[in-house]
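What follows is a short report on a single structure.
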Amino acid sequence: MRGDCSLRTVPRPGDAAAVRRLVTATGFFSGEEVKIAGELIEEALTQGELAGYSFIFAEREGVLAGYCCFGPVPLTRESFDLYWIAVMPDSQCAGLGRRLIATAEETIRERGGTRVYVDTSSRTLYLPTRSFYEKLGYWQAAFLPDFYASGDGKIIYCKTLK
Numbered sequence: 005m006r007g008d009c010s011l012r013t014v015p016r017p018g019d020a021a022a023v024r025r026l027v028t029a030t031g032f033f034s035g036e037e038v039k040i041a042g043e044l045i046e047e048a049l050t051q052g053e054l055a056g057y058s059f060i061f062a063e064r065e066g067v068l069a070g071y072c073c074f075g076p077v078p079l080t081r082e083s084f085d086l087y088w089i090a091v092m093p094d095s096q097c098a099g100l101g102r103r104l105i106a107t108a109e110e111t112i113r114e115r116g117g118t119r120v121y122v123d124t125s126s127r128t129l130y131l132p133t134r135s136f137y138e139k140l141g142y143w144q145a146a147f148l149p150d151f152y153a154s155g156d157g158k159i160i161y162c163k164t165l166k
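Going by the numbering used here, the first residue of the sequence shown is number 5, and it counts up by one from there.
Now the structure itself:
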């Protein structure tokens, strides 16, 4: 599947709705999170680079199959956050998520970044997500118990780029 997706970085007007459909389809995100995912695209469309968000969109035959959103951590010199990564369920486990992260990491390196941080939930639902990050060389830098809700902690992963 890797070869049949094209990647692009410039958001288009229809991307906010497409991203909302994508993150909804994964079954991992709340309604509020779905709304925010779309809003970040809308901010980038209206504010450009000033919004502070960069995107990678993976499309198959004109349909969004996956995307990621990342940007510099404010008030740091070399740190970036990976805010979002999502892949359509029918495209998961085929290397697309790895390709998106590798492309994001390459872009971050080009921009002088040396560290990437990503937050995720400690809930059991997110065990595959945590395993995915760990397989890609991310290590658990922090755990904040009961961060999102009682019994739902925040796990912060980090990767040092070489």
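Backbone N, C-alpha and C define an ideal beta-carbon position, used for all residues, glycine too.
{"Item": "Looking at the structure shown, is F33 part of a helix, part of a strand, or coil, going by DSSP?", "Value": "coil"}
{"Item": "Beta strand (DSSP E) containing L11: first to last residue?", "Value": "10-12"}
{"Item": "Under the DSSP definition of a beta bridge, which residues are partnered with L68?", "Value": "E63"}
{"Item": "Taking the alpha-carbon positions, what's the P15 to G99 distance?", "Value": "22 Å"}
{"Item": "Does DSSP put A146 in a helix, in a strand, or in coil?", "Value": "strand"}
{"Item": "Comparing alpha-carbon positions, which option in G75, E114, P149 lies nearest G157?", "Value": "P149"}
{"Item": "Would you say the beta carbon of R12 comes nearer than 7 Å to a heavy atom of the ligand GDP?", "Value": "Only the bare structure without any ligand can be found here, which leaves the ligand GDP out of the picture."}
{"Item": "With respect to the beta strand (DSSP E) encompassing G90, which residues constitute its N-terminal and C-terminal limits?", "Value": "Per the sequence shown, residue 90 should be read as Ala rather than Gly. Here the beta strand (DSSP E) through A90 covers 83-91."}
{"Item": "Tell me, please, which residues DSSP counts as bridged to R119.", "Value": "S83, T164"}
{"Item": "Shortest alpha-carbon distance to G116 belongs to which of A108, V122, L68?", "Value": "A108"}
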